[in-house]
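*Asks:*
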Ligand code: SF4
Ligand code: SF4
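Residue numbers (our numbering), protein chains in the order written: chain V, 44 to 238; chain G, 43 to 394.
#1: I believe residue 61 (chain V) touches residue 198 (chain V) by the beta-carbon criterion, under 8 Å. Please report the beta-carbon distance rounded to the nearest angstrom.
#2: What are the boundary residues of the beta strand (DSSP E) that residue 95 (chain V) is part of?
#3: Is it buried or exposed for residue 363 (chain G), if we count other Cβ within 10 angstroms and need 16 for buried?
#4: So, does the segment 66-80 of chain G touch the segment 146-156 of chain G, judging by three or more C-beta pairs under 8 Å?
#5: Any idea which residues DSSP pairs residue 176 (chain V) with across the strands?
#6: What does residue 80 (chain V) reach in chain G if we use C-beta pairs closer than 8 Å?
#7: Residue 170 (chain G) and residue 366 (chain G) - do their beta-carbons sit closer together than 8 Å?
#8: Using a Cβ-Cβ cut-off of 7 Å (strictly less than) and excluding sequence neighbours within five positions of residue 175 (chain G), which residues of its own chain qualify?
#9: Does the beta carbon of residue 156 (chain V) come closer than 8 Å to any beta carbon on chain G?
#10: Have a look at residue 139 (chain V) and residue 249 (chain G) and give me their C-alpha separation to the nearest angstrom.
#11: Are the C-beta atoms of residue 97 (chain G) and some chain V residue less than 8 Å apart?
#12: Can you give me, in chain order, the residues of the segment 294-315 of chain G that have a beta carbon less than 9 Å from any beta carbon in chain V?
#13: What residue range is occupied by the uninterrupted beta strand (DSSP E) comprising residue 163 (chain V)?
#14: Pick helix, strand or coil for residue 212 (chain G), following the three-state DSSP scheme.
#15: Taking just the CA atoms, how far does residue 247 (chain G) sit from residue 323 (chain G)?
#16: Any chance the CB of residue 125 (chain V) is under 7 Å from a heavy atom of ligand 2?
#17: For residue 50 (chain V), which of helix, strand or coil comes out of DSSP?
#18: Leaving out five residues on either side along the sequence, give the residues of the same chain with a beta carbon under 7 Å from the beta carbon of residue 97 (chain G).
#19: With distance defined between alpha-carbon atoms, name the residue in V:154, V:116, V:143, V:196 nearest to residue 132 (chain V).
#20: Applying a beta-carbon distance threshold of less than 7 Å, which residues of chain G neighbour residue 86 (chain V)?
#21: Comparing the CB of residue 181 (chain V) with every heavy atom of ligand 2, is any distance shorter than 7 Å?
#22: Flag residue 83 (chain V) as yes if its beta-carbon sits less than 8 Å from any beta-carbon of chain G, otherwise no.
#23: Consider the C-beta atom of residue 99 (chain V) and the heavy atoms of ligand 1; say whether any pair is separated by less than 7 Å.
#24: Is the Cβ-Cβ distance between residue 166 (chain V) and residue 118 (chain V) less than 8 Å?
#25: How would you list, in chain order, the residues of chain G whose beta-carbon sits under 7 Å from the beta-carbon of residue 77 (chain V)?
#26: Here's a check: name, in chain order, each residue in its chain whose Cβ is nearer than 7 Å to the Cβ of residue 252 (chain G), leaving out the five neighbours to either side.
#27: If residue 102 (chain V) sits next to residue 91 (chain V), beta carbons under 8 Å apart, how far is it from one beta carbon to the other, in whole angstroms?
#28: Could you check whether the Cβ of residue 109 (chain V) sits closer than 7 Å to any heavy atom belonging to ligand 2?
#29: So which of G:105, G:104, G:125, G:120 has the shortest CA-CA distance to residue 114 (chain G)?
#30: Does the distance between the C-beta of residue 106 (chain V) and the nearest non-hydrogen atom of ligand 1 fall short of 7 Å?
#31: Of the residues that make up the segment 190-218 of chain G, which ones have a beta carbon closer than 7 Å to any beta carbon in chain V?
#32: If the criterion is Cβ atoms closer than 8 Å, does the pair residue 207 (chain V) and residue 168 (chain V) meet it?
#33: Can you pull out the residues from the segment 95-120 of chain V whose beta carbon lies closer than 8 Å to at least one beta carbon of chain G?
#34: In chain order, what residues of the same chain have a beta carbon less than 7 Å from the beta carbon of residue 289 (chain G), not counting five sequence neighbours either side?
#35: Would you please state the rounded distance, in angstroms, between the beta carbons of residue 94 (chain V) and residue 47 (chain V)? I believe it to be under 8 Å.
#36: Identify, in the order they occur along the chain, each residue of the same chain with its Cβ nearer than 6 Å to the Cβ of residue 53 (chain V), setting aside the five sequence neighbours on each side.
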């Protein structure tokens, strides 16, 4: 069974926000929620680096561990999903998550949170696959259609990869090997200097 | 001969009681202090990282170090903390909340209940030595009673709904099922969040109106030295309107209560733009102190009802039996009688 993973190549991401737009459009996420975002460190300085980040579908997910109503579940593909019918909007998962993935739409009076929303790896939710109810609450279920998340599919530089962990890391390993002329690479040059 | 045996037994008993007292104190302290362990942990990690940084200048390693350190960057999504890639403190919070707070806290509640049960089974509670006289004097004004019962009922509702958020997943989901518990939890959270600020308000009124009666004096020290005025051991100590135990409970309510209240208000209004670490810390303080408070409150509830005959009358009707007053608060009783004589009236007058 595949173990689904996202991987973002910081050497390739050009901060075009194509993934963010693709996700918003494909899943029609609630107003004010961004399931994916691009963060740039050292913006505008030489050596700036950008990463596209969303829910990373953790093994032993912190969000699931602290949820008081225990509404998270992990699919056979290792995708972390949750049941919006059970979510009470307590905010705990957003305190525990390292990536800032869980978000809350429709903040009403006194900042009362709505049902938590986060990236589903385009795998919908507990409702029947590709049903109207599922689409409305969780967005598209591309996994059930045999497709991968749209953010990665639309990435203009193929910095963002999504899919079976083994294949994704294989692609990345190959890339880094071909970058061996770069001075930052750990190897002969790093150890003994350029000869 | 028999006398010696019984006094021997008494001293062994009091030693055991003292040990129970100390272990209780140690437990309470560890619940308060252990959450702070997180700071030590993160401090160690961040100093270790800082040391690395100066020695190493590989740009990629530096980049990932900055990411792990929670450095802020730029993002088009203009909302709080969205410019941070990774916040590591959430994992600390998860370990402490699900670990120390839930485990030690759970045991604390159980141990408190068990101690009270054992005490009651053994002693049967304090009785009025001379029964009831039938004559009463006023102890609590209607204002005092309304405040007390408002705080008390809100406390119980908040305790039940609050404990449900921490333990419901383990205790109530097996009973109510996932959907059933979710429905209850959603109501419980709303109730907790709306009644919380009200509770803080009435708590402040209670503190302000009773603080003048609760200054600790020499007599209270004597009361404690006598083992809680005879709860432990049988020495009797003269005592005014409030004994040392009642005063300590007042100060627990004040200090713990205000801290729980403030941390609760921080958690209750997420629209004030608190960052995640603020919420994590507020949640730990709120949870740990609430559980300690609840465990101690069991003792207060016991003494006010089953544990001491005649005590509940005062909070229900405002009047206590004269024999109750003589037995537990003799100095206050004398004072009231003196006042009544001075005023030369037969009706009772509150000294409040
Ligand atoms: S929401 Fe956060 S903690 Fe939960 S699986 Fe996604 S990245 Fe991990
Ligand atoms: S916000 Fe919803 S999903 Fe998140 S921890 Fe609370 S109940 Fe669970």
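A virtual CB, placed ideally from N, CA and C, is assigned to each residue, including glycine.
*Replies:* Let me lay it out:
#1: For the purposes of this step, residue 61 (chain V) is taken as residue 18 along the first chain, with counting starting at 1. For the purposes of this step, residue 198 (chain V) is taken as residue 155 along the first chain, with counting starting at 1. In this structure residue 61 (chain V) touches residue 198 (chain V) by the C-beta definition: roughly 6 Å separates them, less than 8 Å.
#2: In the first chain, counting from the first residue as 1, residue 95 (chain V) sits at position 52. Segment 92-96, the beta strand (DSSP E) holding residue 95 (chain V).
#3: Taking the first residue of the second chain as 1, we reach residue 363 (chain G) at position 321. By the 10 Å Cβ count, residue 363 (chain G) comes out buried.
#4: Judged by Cβ distances under 8 Å, the segment 66-80 of chain G makes contact with the segment 146-156 of chain G, as three or more pairs qualify.
#5: Taking the first chain and counting its residues from 1, one reaches residue 176 (chain V) at position 133. In the DSSP output, where bridge partners are listed per residue, residue 176 (chain V) has none listed.
#6: Translated into positions along the first chain, residue 80 (chain V) becomes position 37. 117, 118, 119, 124, listed in chain order.
#7: Locating residue 366 (chain G) in the second chain gives position 324, where the first residue counts as 1. Locating residue 170 (chain G) in the second chain gives position 128, where the first residue counts as 1. It is a contact, given that the beta carbons lie within the stated cut-off.
#8: The residue you call residue 175 (chain G) lines up with position 133 of the second chain. 363, 364, 365, listed in sequence order.
#9: What you label residue 156 (chain V) is simply residue 113 of the first chain in a count that begins at 1. Closer than 8 Å: yes.
#10: Residue 139 (chain V) sits at position 96 when you count from the first residue of the first chain. Residue 249 (chain G) sits at position 207 when you count from the first residue of the second chain. Their Cα atoms are separated by approximately 35 Å.
#11: Sequence index remark: in the second chain, residue 97 (chain G) carries index 55 (1-based). Because the pLDDT of residue 97 (chain G) is 49, which lies under 50, any placement of that residue in the model is unreliable, and the question is left without a value.
#12: 309, 310, 311, 312, 313, 314
#13: By 1-based counting over the first chain, the position of residue 163 (chain V) is 120. Per DSSP, residue 163 (chain V) belongs to no beta strand (DSSP E) and is neither H nor E.
#14: The count along the second chain starts at 1 and reaches residue 212 (chain G) at position 170. Helix.
#15: Your numbering for residue 323 (chain G) matches position 281 in the second chain. Your numbering for residue 247 (chain G) matches position 205 in the second chain. Each residue's Cα considered, the two are about 27 Å apart.
#16: Counting from 1 along the first chain, the entry for residue 125 (chain V) is found at position 82. Indeed, a heavy atom of ligand 2 lies less than 7 Å from the Cβ.
#17: Walking along the first chain from the start, residue 50 (chain V) turns up at place 7. The answer is strand: DSSP assigns residue 50 (chain V) an E or B state.
#18: As a working mapping, residue 97 (chain G) is identified with position 55 in the second chain. Low confidence applies here, because residue 97 (chain G) scores a pLDDT of 49, under 50, leaving its location unreliable and the question unanswered by this model.
#19: Residue mapping note: residue 132 (chain V) aligns to position 89 of the first chain, counting from 1. Taking only the C-alpha atoms, the option nearest residue 132 (chain V) is V:154.
#20: Against the first chain, residue 86 (chain V) aligns to sequence position 43. Residues of chain G whose Cβ lies closer than 7 Å to the Cβ of residue 86 (chain V) are, in chain order, 115, 116.
#21: Residue mapping note: residue 181 (chain V) aligns to position 138 of the first chain, counting from 1. Residue 181 (chain V): no, Cβ never under 7 Å from ligand 2.
#22: For the purposes of this step, residue 83 (chain V) is taken as the residue at position 40 of the first chain. Interface residue, yes.
#23: As a position in the first chain, residue 99 (chain V) is number 56, starting the count at 1. Because some heavy atom of ligand 1 lies under 7 Å away, the Cβ of residue 99 (chain V) counts as near it: yes.
#24: The residue given as residue 166 (chain V) occupies position 123 in the first chain. The residue given as residue 118 (chain V) occupies position 75 in the first chain. Result yes, Cβ atoms of residue 166 (chain V) and residue 118 (chain V) sit closer than 8 Å.
#25: In the first chain, counting from the first residue as 1, residue 77 (chain V) sits at position 34. Chain G residues near residue 77 (chain V): 119.
#26: Walking along the second chain from the start, residue 252 (chain G) turns up at place 210. Here the set comprises 292.
#27: By one-based count along the first chain, residue 102 (chain V) stands at place 59. By one-based count along the first chain, residue 91 (chain V) stands at place 48. Incorrect: roughly 31 Å between the Cβ atoms, too far for contact.
#28: Within the first chain, the letter at position 66 stands for residue 109 (chain V). Yes; taking the cut-off as 7 Å, the Cβ of residue 109 (chain V) has a heavy atom of ligand 2 nearer than that.
#29: Here residue 114 (chain G) refers to the residue found at position 72 when the second chain is read from its first residue. Checked all of G:105, G:104, G:125, G:120; the closest Cα to residue 114 (chain G) is G:125.
#30: For the purposes of this step, residue 106 (chain V) is taken as residue 63 along the first chain, with counting starting at 1. Under cutoff, so the answer is yes.
#31: 207, 210, 211, 215
#32: Here residue 207 (chain V) refers to the residue found at position 164 of the first chain. Here residue 168 (chain V) refers to the residue found at position 125 of the first chain. No, the pair does not count as a contact, with Cβ atoms beyond the cut-off.
#33: Listed by position along the chain: 96, 105, 108, 109, 110, 111, 112, 113, 114.
#34: Mapped onto the second chain, residue 289 (chain G) falls at position 247. For residue 289 (chain G), where only same-chain residues beyond five positions count, the Cβ hits under 7 Å are 256, 258, 262.
#35: Counted from its first residue, the first chain places residue 94 (chain V) at position 51. Counted from its first residue, the first chain places residue 47 (chain V) at position 4. At roughly 18 Å, the Cβ-Cβ gap does not stay under 8 Å, so residue 94 (chain V) and residue 47 (chain V) are not in contact.
#36: The count along the first chain starts at 1 and reaches residue 53 (chain V) at position 10. For residue 53 (chain V), where only same-chain residues beyond five positions count, the Cβ hits under 6 Å are 92, 94.
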